[in-house]
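Take a look at the structure below.
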Amino acid sequence: MRESLSLMVMALALFFISYSDLYKVYVTVRMKPYLYGASLMLLILAWASVLQRKQKHYEKNRGNEIKLLVPLLLLGLSLVGKTKGIQKLWSGEKVTSLQETVQEETEQEDTLGGYRMRSKMFSGHWLRGYDEVGQRIRIKDDEFYYWMIELQQFPEDFAGYDLSFKARVDCTEEGLFLMREMMTCCVADLTPLGIIGEGNEGDIPDAIDWAKVSGVLEKDDTSKKTQLHLRIESLEPTVPPLEVYIYPPY
Amino acid sequence: MLPLYVLARWPGDETARKMQIMFYRFKGQARTSHGIKDNLDEGWINYTISKEQTLPLLETAAQAIGGQIQRIVIRISPQGSKKVMRELSHDERHFFEASDLILIDANNDSTYKQLKKQLKNQGIKTKIKGYHERQEWLALTNQCIRSDKTKQVALFLGILSLILMRWQNEQLIELCTCYIGILLQALPFLLMGVILSSLIQVYLSEEWIKKVFPKDLKKGLLFGVVGGFFLPVCDCVSIPVFKSLVKKGIPIPAALTFMTAAPLINPVAILSTYYAYPGRRSMVIARVGLGICCAVLVGLCFKKESLHHLFEVDKQRGCGGGHHHHHQQFILTCREEFFEIIGYLLVGIALATIFQTVLEPYEGYFFHQGIVGEMLLMMGLAFGLSLCSSSDAVVGKSIGAGFSNIAVMSFLVFGPMLDIKNVLLLSAHFTKKFVLKLSLAIFLVCLGVMGVAAYLGLEGLL
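Sequence lines, in order, name chains V and H. Its first residue numbered 1, the first sequence is counted upward by one per residue in the numbering used here. Its first residue numbered 251, the second sequence is counted upward by one per residue in the numbering used here.
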């Protein structure tokens, strides 16, 4: 009985984090149907556990009901921690509200044109926030990955462009790394993706995490391969995007 | 149903091929500090039973008196110890494996140790304890029958969770998040592996597989490679499937080739490598080519290996019958398979999480170690990080930025074949000796193949 109960609790926990989208903190969006499937399978196993009991066959006590207690405990701890973090973030006074940010981005999108990707992998994929005449790119949160791929592949074509986007600020030896973390499978394989930024040290606030950055793209002549870096013009603290991580489309 | 507890005494008299069985049931209120008899109903049944088909006979006997067996304790007498010092029969092994506790006379220390080792070597995973006198085995039996570890562990975890919630900090939350991340990634695929494995066990007959499967070694290896290509799965699936294939009589080299090749050469892994290295098809081709080469060589290393004896213990599970019986059997096998493997997966994930956390600050120290040093370091990282084969290409590219291409390739080929998680999943089904041998073979083959590739100048082509 206890075994089937532990299986049911695990199945419900999986269903809850999938349905509430909390799973995105742990695994990539591709996993959602798999998690629903796993939840269903665990329920079937719970039924199998009842079936086994009904059959009245002897079975050695392997402490099966204990096995799922540890992951349930760790999931609870992680969720409580993450929820507290989110609450803290949302109650911050210095940052603008998430709703305002979303509204602002929608307005920006309306005023700018589109861009057809040339990168082999996503050839023809349409990106928003591009102004060829004014040489401006406003990167939408959900297009960060695609723009970074395009900037890395065609650095010559974008030098001199005015770029603005939302990113995390990480201090490195080379300068400020304006990046977002990319999740390919799960939180254990987070890989940073972004661009190096250069600016006056005095202009950059201390202990900044997420920021709205804007600046001009410049060619990096020091490296063998042509690369771009961002001459930072403004850097303001902000709330994280709706989806904190980037989920590559493969 | 009356809860019954079985005490089986393994006698020295081998000629009778019988053992003494006692059924006990609790009185309920009567509890004294010493002697099991004091705690049990006097109305126990004592009779001898054939060692053939022991468990079914016991179940029938228990049901006949309106009871259900809760625990089985086997006590091997000093005379019985000598008789068990041999290869156990199928039924005997099944009964030993099914019991909750095996008590061995420990007055002769060397005999006790030898017997314990012998039972472990035969795949008996039941807890074994030694006793010196009557009071001791009575106390041990009593402890086994009465213990309810679930309550104790649940209480401990409850208190621990309250303490951790009170004292939680960012590192702890990150550690928990990393653990759950890997678990959520692996669990659906593990369940998929459990389903596939159970399907093979219940619905495919050994005779049919033997008839259909190619007997020729080369064709068998080809099956392993092709099967691996068409099954878009990671190692969490391929290991349970490997076990089932071997149980059904597929030759070890072919099954091993499948197990090691599948996570590497399936379409998802190929696509993720392609995206991780845009415009560098050579990396994709090299990963697939070297992966197949290593998988086939690992398979060939076990050309003469036979694993049948390892599975005799639970071979009784799959049986014939009507369709209804088959479906029910399938669900029950899924449950059994799941609980057999989940504990090992959870420990593997815990170790991988700790490895990742400990390693993170030291990642920068691993550069410029020479080609062999770099290869070894990258293989070590792949082993410890235990990444899924569909994501390791991106991570390999990221952490391998300062390394040679061959070293990165070692990471990409070795990681999906062997990591902490795999070793523990394999340990759920196979003996330590086999797991060690297989791990060593995979390591040496990968190192050798990568070394040869480096010598032939593959570095320049990547």
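Idealized CB from N, CA, C, for every residue including glycine. Since the structure is predicted, the reported quantities are computational estimates derived from the model, not experimental observations.
- Inter-segment contact for the segment 488 to 503 of chain H and the segment 454 to 461 of chain H is present: three or more beta-carbon pairs are separated by less than 8 Å.
- Residues 18 of the same chain have their beta carbon placed closer than 6 Å to that of residue 36 of chain V, with the five preceding and five following residues left out of the count.
- The residue among H:652, H:390, H:589 with its C-alpha nearest the C-alpha of residue 324 of chain H is H:390.
- For residue 319 of chain H, the closest Cβ of chain V is nearer than 8 Å.
- By the criterion of a C-beta distance shorter than 6 Å, residue 29 of chain V is surrounded in its chain by 247, once the five residues flanking it on both sides are discounted.
- Here DSSP, grouped into helix, strand and coil, assigns residue 125 of chain V to coil.
- Here residue 130 of chain V is buried, its C-beta having at least 16 other C-beta atoms within 10 Å.
- At the C-beta level, residue 24 of chain V and residue 423 of chain H stay beyond 8 Å of one another.
- Per the Cβ contact rule, the segment 228 to 235 of chain V is in contact with the segment 181 to 201 of chain V (3 or more Cβ pairs under 8 Å).
- Under the DSSP assignment, residue 220 of chain V falls in the beta strand (DSSP E) whose first and last residues are 210 to 220.
- Among the residues facing chain V, residue 490 of chain H is not included, as its CB has no counterpart in that chain under 8 Å away.
- Of the residues H:494, H:435, H:467, the one whose Cα lies closest to the Cα of residue 456 of chain H is H:494.
- Contact note: residue 708 of chain H does not reach chain V at a C-beta cutoff of 8 Å; the least C-beta distance is about 22 Å.
- For residue 157 of chain V, the enclosing alpha helix (DSSP H) begins and ends at 155 to 158.
- Of the other Cβ atoms in all chains shown, fewer than 16 fall within 10 Å of the Cβ of residue 314 of chain H; this residue is therefore exposed.
- Rounded to the nearest whole angstrom, the C-alpha separation of residue 312 of chain H and residue 59 of chain V is 14 Å.
- A direct Cα-to-Cα measurement between residue 677 of chain H and residue 372 of chain H gives close to 14 Å.
- Residue 363 of chain H and residue 379 of chain H have their C-alpha atoms roughly 10 Å apart.
- Under DSSP, residue 172 of chain V forms a beta bridge with V:175.
- Boundaries of the beta strand (DSSP E) harbouring residue 113 of chain V: 113 to 116, taken from the DSSP string.
- The DSSP-derived three-state label of residue 2 of chain V is helix.
- Note on residue 421 of chain H: under 16 other CB atoms within 10 angstroms of its CB, so exposed under the neighbour-count rule.
- Under a criterion of Cβ atoms nearer than 7 Å, no residue of chain H is adjacent to residue 171 of chain V; the nearest Cβ is some 15 Å distant.
- At a cut-off of 8 Å between C-beta atoms, residue 404 of chain H counts as an interface residue with respect to chain V.
- Annotation: Cβ neighbours of residue 411 of chain H in chain V (cutoff 7 Å, chain order): 73, 76, 77.
- Bridge partners of residue 381 of chain H according to DSSP: H:355.
- Collapsing the DSSP output to three states places residue 415 of chain H in a helix.
- Here residue 543 of chain H is near residue 699 of chain H, since their CB atoms are less than 8 Å apart.
- Collapsing the DSSP output to three states places residue 229 of chain V in a strand.
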